[in-house]
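Report on the following structure.
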DNA sequence: TTAATAAAGGATACCAATATCCTTTTATTT
DNA sequence: AAATAAAAGGATATTGGTATCCTTTATTAA
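Residue numbers (this note's numbering), protein chains in the order written: chain E, 1121 to 1269; chain L, 1121 to 1269.
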């Protein structure tokens, strides 16, 4: 039921860049970090992985930055989850038993399998584009939500 | 979709002690650790918390060890989860946004809320006794399942 | 072709979860 | 009472996720 912070940073970064897809400029890591209230250097490391996975594109140099490509908006959440949490995220046994599977289930396995599959469905079918909202200003605010100072 | 190792160790320890509830002897930490193939000292720390929470009982001294009490078998999984993962486990935002809730939802919030509630239901309703299996030898083996050497 | 800008990449620090060890307390047995 | 056995408790590694900084590479603009 939980993801690492990396996942949240990655998805929010992707959404921020996607939201500004109609602007001619590219989006710098500094801008993303500032608008999302996220540690700049750590975000840079994550965004690098996102670009390497082909989910976003980037160019270096003056006027450089991040921008969407043909894959970005059609990327399912599942792809981002597996990127940040590791490919075995949905295969790991809830009881940390290494040989747990359908054939040799741990005591919890069958109880949660249905919901696990349900979540997999959701994450596999929900695309980046499905999470974008029309009101940009409002959406950016919601992406950056942080605790009151 | 994941729990810490502590949760797996705790639940498996509880199940092991519960399974042997008809034996007159108490169950030592050494026996549990060995049968479950789990680090002995770390398990000790977790079992201490389990006892402190009243989910199991224990006595020190010669012939001491762990044993079930009136609560053990009726304990819902949720209690154990909150013990090992922290009370906010089901309240944390998937995108690490600190102010995310129904009134001010993050982009993922509504997508998964249903399944989150479903899992909460399962964990709240499934009791320790529901996970015990009749064939003791078989069940112990399944609790201890580890990777092939 | 030089200066400026920005991502990529590598090195290091920090912290919490995980794991181990050692000492203390408690209970039982002799 | 003394010896023993076992959990409780505290102190200390170890590891992986998180976070920061610095250098390198690439691109653009003057």
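Just so you know, even glycine gets a beta-carbon here, dropped at the ideal spot from N, CA and C.
Option nearest residue i by Cα separation, candidates the options
| i | options | result |
| --- | --- | --- |
| residue 1196 of chain L | L:1174, L:1254, L:1226 | L:1174 |
| residue 1250 of chain E | E:1122, E:1193, E:1206, E:1234 | E:1193 |
| residue 1144 of chain E | E:1187, E:1133, E:1126 | E:1187 |
| residue 1256 of chain E | L:1252, L:1227, L:1256, L:1136 | L:1227 |
| residue 1210 of chain E | E:1178, E:1243, E:1183, E:1223 | E:1243 |
| residue 1252 of chain E | E:1138, E:1229, E:1126, E:1230 | E:1138 |
Own chain residues within Cβ distance below 7 Å of residue i, not counting five before or after
| i | result |
| --- | --- |
| residue 1267 of chain L | Note that residue 1267 of chain L scores a pLDDT of 46, beneath 50, so its modelled location is shaky and nothing firm can be said. |
| residue 1160 of chain L | 1149, 1150, 1153 |
Neighbourhood of residue i by C-beta, 8 Å cutoff - its chain only, sequence neighbours within 5 removed
| i | result |
| --- | --- |
| residue 1123 of chain E | 1201, 1204, 1205 |
| residue 1190 of chain E | none |
| residue 1199 of chain E | 1173, 1175 |
| residue 1215 of chain E | 1226, 1227, 1228 |
Limits of the alpha helix (DSSP H) - the one that residue i falls within
| i | result |
| --- | --- |
| residue 1185 of chain L | Element bounds for residue 1185 of chain L: not the alpha helix (DSSP H) but the beta strand (DSSP E), 1185-1187. |
| residue 1212 of chain E | Where residue 1212 of chain E is concerned, there is no enclosing alpha helix (DSSP H), given that its DSSP letter is neither H nor E. |
| residue 1157 of chain E | Where residue 1157 of chain E is concerned, there is no enclosing alpha helix (DSSP H), given that its DSSP letter is neither H nor E. |
| residue 1130 of chain E | 1125-1139 |
| residue 1263 of chain L | 1256-1263 |
The beta strand (DSSP E) enclosing residue i, as first and last residue numbers
| i | result |
| --- | --- |
| residue 1249 of chain E | Premise fails: residue 1249 of chain E lies in the alpha helix (DSSP H), 1248-1251, not in any beta strand (DSSP E). |
| residue 1195 of chain L | First-last for residue 1195 of chain L: undefined, no H or E at that position. |
| residue 1177 of chain L | 1177-1179 |
6 Å Cβ shell around residue i - same chain, five flanking residues per side excluded
| i | result |
| --- | --- |
| residue 1185 of chain L | 1146, 1147, 1148 |
| residue 1178 of chain E | 1171, 1186 |
| residue 1126 of chain L | 1166, 1204 |
Does the segment 1228-1247 of chain L come into contact with the segment 1238-1248 of chain E, if we say contact requires no fewer than three beta-carbon pairs (one atom in each stretch) closer than 8 Å?
yes
Count the CB pairs spanning the segment 1216-1230 of chain L and the segment 1158-1174 of chain L that are closer than 8 Å, and state whether there are at least three.
no
Members of the segment 1123-1135 of chain E that neighbour chain L once the beta carbon cut-off is set at 8 Å:
1123, 1125, 1127, 1128, 1129, 1131, 1132, 1135
Going along the chain, which residues of the segment 1210-1239 of chain E sit with their C-beta nearer than 9 Å to a C-beta in chain L?
1210, 1212, 1213, 1214, 1215, 1216, 1217, 1218, 1219, 1220, 1224, 1225, 1226, 1227, 1228, 1231, 1232, 1234, 1235, 1236, 1238, 1239
At a CB distance below 8 Å, what residues from the segment 1158-1172 of chain L approach chain E? Give them in sequence order.
none
Selection of the segment 1173-1199 of chain E by Cβ proximity to chain L, strictly under 9 Å:
1197
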